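Visitor: Quick one: the structure is below, and I'll ask about it shortly.
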Amino acid sequence: MTLPSGHRVMVLVTGWAEYQARLVDGIAPVLQRRGIPCHVHMTGWDRNRPLPFGLQDMIRAARPTGIIVTTMDERSKEEVLLDQLSTLGVPVVLIGYDRPGALGVRGDNVSGMRELMAHVLDDCGARRLMLVRGVPHQLDSIEREGVFREELLRRGLSVEEGLVVDGHFLAEIAFPAVCDLLRRDRAVDAVVALNDRSAVGVLDAISHTGLRVPGDVLVTGFDDDEVASLSWPGLTTVAQDLEGQGAAAADLLLRVMDGERVSESVQVPSRVVIRGSTRAPAVVGDGGDAEQTAIRLASGRVAAQDALLSMSYSLLWCDTVEEVGDVLATAVTRLGLLRCFLVLREQPLSEDNGGGGTDPGRLVLDYRDGKVHPVPPGTFPVARLLPDVLSGELDRDVLTSQALRVGVKELGYLLFEAVPGTRLKNFMVQAFLSRAIESVFTTRENERYTSLLEQAVAQRTRDLEEVNARLERSLMLDGLTQIANRLAFQRRIEECWQAAAVNGGAVALLMIDVDLFKPYNDHYGHVQGDRALQTVAECLERTALHEDDLACRYGGEEFAVLLPSAGLRGATAVASRFRDELARRAVPHAASSVSSVLTVSVGIAVRSARPDLAAETLVEAADAALYDAKISGRDRVVVNPDSVPAPGAGPRPPRQRRRTAGPVPPAAVPRAGRSGRTPPG
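Residue numbers (the numbering used here): -6 to 674.
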């Protein structure tokens, strides 16, 4: 029976290692005999990373009529994915799960593991065994470990928990764990790894610590991956018929799609394959067909590895995504690909901008039928996987998609069909392509940003200069009173003093202190205190009117007015106007012993500037006069007796509003000195 057109099956796998590829090798022929295309989507074997953000949109856009799911690296991801799939209303078959109420296919871990343990314990006589565990939550790992423990106890042997290490089904995790244990305890008869990939790490660890396999230590795996026959001296393992599991899953799914009521799960038999890791290795050259097969597989792996290294090097020099596509096109044949499509998103996808099914992407590489085809122009919704003109490719044979990711950013995806039997190192292809594309994206974004900056500079030079001037002024403003601050004062007084020293002139300065401001704050509170200081600043603004004058907040309740060309009479006039303006405001001061309103004490000094004198001498003179005003009863103006009248100085007509905070020279100015005296009371 052939289902109506429009049916398609989606297979969700973590990657494209031998385990997943062999499952798909079993799934695809069953579906193809019924004329049903198979789409394979990789969810990624990336611990501590979420599922691809665009995965759910792609699944919905594909509108599958059935789904097959393999186990994942983390239980949380499995739960999220299965919850998402439950909303689609299509049959789902699980491989490697034991989920109540779900349809599933599993290898017979129990019988295979019992046979393996009998070989190690009974045939080989091993008594002290190390266990390299798998992924803790996965049923395969749990069942295999359970049989390991049962078979030891059945023979009266204890399980030494100190010889149990975690391998997470990965060679790179098993290797350091086994090395560490063997350095502490070498009296181990055998190491039982719960899959072949971690067993490879065990073989390397034993060699690294100076022991021999099988002379000193026996090693076993599980799965019968190609690496089991390629690793010296050959790995004893359990063949769990992955192709058979895939075929059983596809058959079970089709029965449900045909309308049959199915409730049972399927268990596929397994068998032990004995090789050199538990017996004396065969003499090289006596292997016959098996040896030729191993040589052929090894040669294929070397060729693929060489292609990957060559591609990685070429990608280093790519400046555009088109060049990335060209490099990939030159490598597809050596990588064992029949079809290959590279699609990049217009904007990288992340959790922050987690888009929808309409996010645009564009095709960068279209390789099929043995050649590269021109890519159609424009963009298309990435959830459709390919542009409409190529949608027919989705219904041809088996097409696999893999997200290209850097961190949590998804840059695009790769669609490919591998030559049957090819074990593509997809994680390496993904890593090389993702890094190259990210580099191009980053360079492109930097160039775009640089171009925008250059245009902005060319078009708005005057605006930028004004902004810089405002920024400079803002740095010289007191945040509370919005008049010049201490930094502006220090720079300005140095500028004026040096100019006067050259011209033989004098500079006048008013130092001002708000009378009894601490009692004011204590009585009215800091909010009213701030408003009082703002009022003082406003009064200074209204009375220091010459373009050369600078009114500033010196610190706390102290203010200063720099009058570069006022002379003594002009400085006295400014002080008088300021006190009159403050009196007119009549700010209440119930805590003052001087007046019922806010008052100030003012010290005035005028000094002739000389190159051998520092500007601080003017500040010290005005500060001394301010001190005298405060100890004399406050609310008054005192002129330093050493002040000199500027030649021809008198009242000055206000030619222009005096400067506030700048512009001033950017050079640093020494901090002005203070007398350090405190008036009594």
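All C-beta atoms, glycine included, are put in the ideal place defined by N, C-alpha and C. Since we're looking at a predicted model, the values are computed, not measured.
(1) Quick one: grab the DSSP three-state call for Met3.
(2) Between which two residues does the alpha helix (DSSP H) carrying Leu676 extend?
(3) Output needed for His516: all residues of its chain with C-beta closer than 7 angstroms, excluding positions within five of it in sequence on either side, in chain order.
(4) Who pairs with Phe409 in a beta bridge, going by DSSP?
(5) Under 8 angstroms between the Cβ atoms of Leu356 and Phe334?
(6) Between the region 618 to 633 and the region 562 to 580, do at least 3 Cβ pairs fall closer than 8 angstroms?
(7) Measure the C-alpha to C-alpha separation of Gly563 and Ala449 and round it to an integer number of angstroms.
(8) Under the DSSP definition of a beta bridge, which residues are partnered with Val98?
(9) Checking the sheet assignment: what are the DSSP bridge partners for Ala183?
(10) Can you look up Ser586 in the DSSP assignment and give me helix, strand or coil?
(11) How about Gly719 and Leu379: do their beta carbons lie closer than 8 angstroms?
(12) Give a yes or no on whether the C-beta atoms belonging to Val314 and Leu330 are separated by under 8 angstroms.
(13) Can you list the beta strand (DSSP E) stretches of 3 or more residues lying completely in the region 475 to 530, in chain order?
(14) What's the call for Val520, buried or exposed, on a 16-neighbour Cβ count within 10 Å?
(15) Is Lys511 buried or exposed, if buried means 16 or more other CB atoms sit within 10 Å of its CB?
(16) With a threshold of 8 angstroms, are at least 3 pairs of Cβ atoms found where one atom belongs to the region 527 to 546 and the other to the region 467 to 478?
(17) Can we say the region 592 to 603 touches the region 489 to 501, given the rule of at least three CB pairs closer than 8 angstroms?
(18) Near Val85, what residues of its chain come up, given a Cβ to Cβ distance below 6 angstroms and the 5 sequence neighbours on each side ignored?
(19) I'd like to check one pair, Glu550 with Leu526: are the Cβ atoms closer than 8 angstroms?
(20) For Asn461, does the count of other Cβ atoms within 10 angstroms reach 16, so buried, or fall short, so exposed?
(21) Tell me whether Thr443 sits in a helix, a strand or coil according to DSSP, three-state version.
(22) For the candidate residues Thr610, Val567, Arg437 and Val580, whose alpha-carbon lies nearest to that of His539?
(23) Am I right that Ser224 and Leu196 are in contact with their C-beta atoms under 8 angstroms? What's the rounded C-beta distance?
(24) Select from Asp217, Leu44 and Val181 the residue whose C-alpha is nearest the C-alpha of Pro11.
(25) Assign Asn102 to one of two classes, buried (16 or more other C-beta atoms within 10 Å of its C-beta) or exposed (fewer than that).
(26) Where does Phe434 fall in DSSP's three states?
(27) Is the separation between the beta-carbon of Leu235 and that of Leu44 shorter than 8 angstroms?
(28) Tell me the rounded alpha-carbon separation between Leu383 and Asn439.
(29) Are Ile486 and Val595 touching if we call contact CB-CB under 8 angstroms?
(30) What are the start and end residues of the alpha helix (DSSP H) that includes Glu165?
(31) So, using beta-carbon positions, are Arg120 and Asp182 closer together than 8 angstroms?
(32) Just list the residues that DSSP pairs Ala552 with in beta bridges.
(33) Please work out which residues of its chain come closer than 6 angstroms, Cβ to Cβ, to His240, disregarding the five sequence neighbours upstream and downstream, and give them in chain order.
(34) By Cβ distance below 6 angstroms, which residues in the same chain neighbour Leu145 in space, the five residues on each side in sequence not counted?
(35) So, is Thr229 buried or exposed, given that buried needs 16 or more other C-beta atoms within 10 angstroms?
(36) For Ser258 versus Gly149, is the C-beta spacing smaller than 8 angstroms?
Guide: Taking the definition as stated:
(1) The residue given as residue 3 occupies position 10 in the sequence shown. It is a strand residue.
(2) Here the chain has residues from -6 to 674 only, and residue 676 is not among them.
(3) For the purposes of this step, residue 516 is taken as the residue at position 523 of the sequence shown. Only Ala583 and Ala584 meet the Cβ criterion.
(4) Walking along the sequence shown from the start, residue 409 turns up at place 416. According to DSSP, which records beta bridges pairwise, Phe409 is partnered with Cys333 and Thr393.
(5) Start at 1 with the first residue of the sequence shown, and residue 356 comes out as number 363. Start at 1 with the first residue of the sequence shown, and residue 334 comes out as number 341. Contact flag set, yes.
(6) yes
(7) Indexing the sequence shown from 1 puts residue 563 at position 570. Indexing the sequence shown from 1 puts residue 449 at position 456. For Gly563 and Ala449, the distance between alpha carbons rounds to 47 angstroms.
(8) Taking the sequence shown and counting its residues from 1, one reaches residue 98 at position 105. DSSP output for Val98 lists Ile88 and Val259 as bridge partner(s).
(9) The sequence position of residue 183 within the sequence shown is 190, counting from 1. DSSP lists Leu122 and Leu211 as partners of Ala183.
(10) Residue mapping note: residue 586 aligns to position 593 of the sequence shown, counting from 1. In this structure, Ser586 counts as coil in the three-state DSSP scheme.
(11) No statement about residue 719 is possible, as the shown extent of the chain runs from -6 to 674 and does not include it.
(12) Walking along the sequence shown from the start, residue 314 turns up at place 321. Walking along the sequence shown from the start, residue 330 turns up at place 337. No, the Cβ-Cβ distance between Val314 and Leu330 is not below 8 angstroms.
(13) 499 to 507
(14) To locate residue 520, count along the sequence shown from 1; it is residue 527. Result: exposed.
(15) Translated into positions along the sequence shown, residue 511 becomes position 518. Burial call: exposed.
(16) yes
(17) yes
(18) Translated into positions along the sequence shown, residue 85 becomes position 92. Excluding sequence neighbours, Val85 sits near Ile60 and Leu78.
(19) In the sequence shown, residue 526 corresponds to position 533, counting from 1. In the sequence shown, residue 550 corresponds to position 557, counting from 1. It is a contact, given that the beta carbons lie within the stated cut-off.
(20) Taking the sequence shown and counting its residues from 1, one reaches residue 461 at position 468. Exposed, by the Cβ-count rule.
(21) Here residue 443 corresponds to residue number 450 of the sequence shown, with the count starting at 1. Helix at Thr443.
(22) For the purposes of this step, residue 539 is taken as the residue at position 546 of the sequence shown. The shortest Cα separation from His539 among Thr610, Val567, Arg437 and Val580 belongs to Val567.
(23) The residue given as residue 224 occupies position 231 in the sequence shown. The residue given as residue 196 occupies position 203 in the sequence shown. Correct: roughly 6 angstroms between the Cβ atoms.
(24) In the sequence shown, the residue the question calls residue 11 occupies position 18. Sequence inspection shows Glu at residue 11; the Pro mentioned does not correspond to that position. Closest option to Glu11, Cα to Cα, is Asp217.
(25) Counting from one through the sequence shown, the residue named residue 102 turns up at place 109. Looking at its Cβ environment, which holds 16 or more other Cβ atoms inside 10 Å, Asn102 is buried.
(26) Taking the sequence shown and counting its residues from 1, one reaches residue 434 at position 441. It is helical.
(27) Your numbering for residue 235 matches position 242 in the sequence shown. Your numbering for residue 44 matches position 51 in the sequence shown. Not closer than 8 angstroms, so no.
(28) For the purposes of this step, residue 383 is identified with residue 390 of the sequence shown, where counting begins at 1. For the purposes of this step, residue 439 is identified with residue 446 of the sequence shown, where counting begins at 1. The alpha-carbon atoms of Leu383 and Asn439 are separated by roughly 33 angstroms.
(29) Counted from its first residue, the sequence shown places residue 486 at position 493. Counted from its first residue, the sequence shown places residue 595 at position 602. In this structure, Val595 does not lie closer than 8 angstroms to Ile486 by Cβ.
(30) Position 172 of the sequence shown, counting from 1, holds the residue named residue 165. Glu165 -> alpha helix (DSSP H) spans Ala164 to Arg177.
(31) Within the sequence shown, the letter at position 127 stands for residue 120. Within the sequence shown, the letter at position 189 stands for residue 182. In this structure, Asp182 lies closer than 8 angstroms to Arg120 by Cβ.
(32) Counting from 1 along the sequence shown, the entry for residue 552 is found at position 559. This sequence places Phe at residue 552; Ala is not what is there. Answer by DSSP bridge pairing, in chain order: Ile505 and Arg546.
(33) Within the sequence shown, numbered from 1, the residue matching residue 240 stands at position 247. The amino acid occupying residue 240 in the given sequence is Ala; His does not appear at that position. Contacts found: Gly19 and Val23.
(34) Residue 145 sits at position 152 when you count from the first residue of the sequence shown. Counting only Cβ-Cβ distances below 6 angstroms, and skipping sequence neighbours, we find Val152.
(35) What you label residue 229 is simply residue 236 of the sequence shown in a count that begins at 1. Buried, because 16 or more other Cβ atoms sit within 10 Å of the Cβ of Thr229.
(36) Indexing the sequence shown from 1 puts residue 258 at position 265. Indexing the sequence shown from 1 puts residue 149 at position 156. Result no, Cβ atoms of Ser258 and Gly149 do not sit closer than 8 angstroms.
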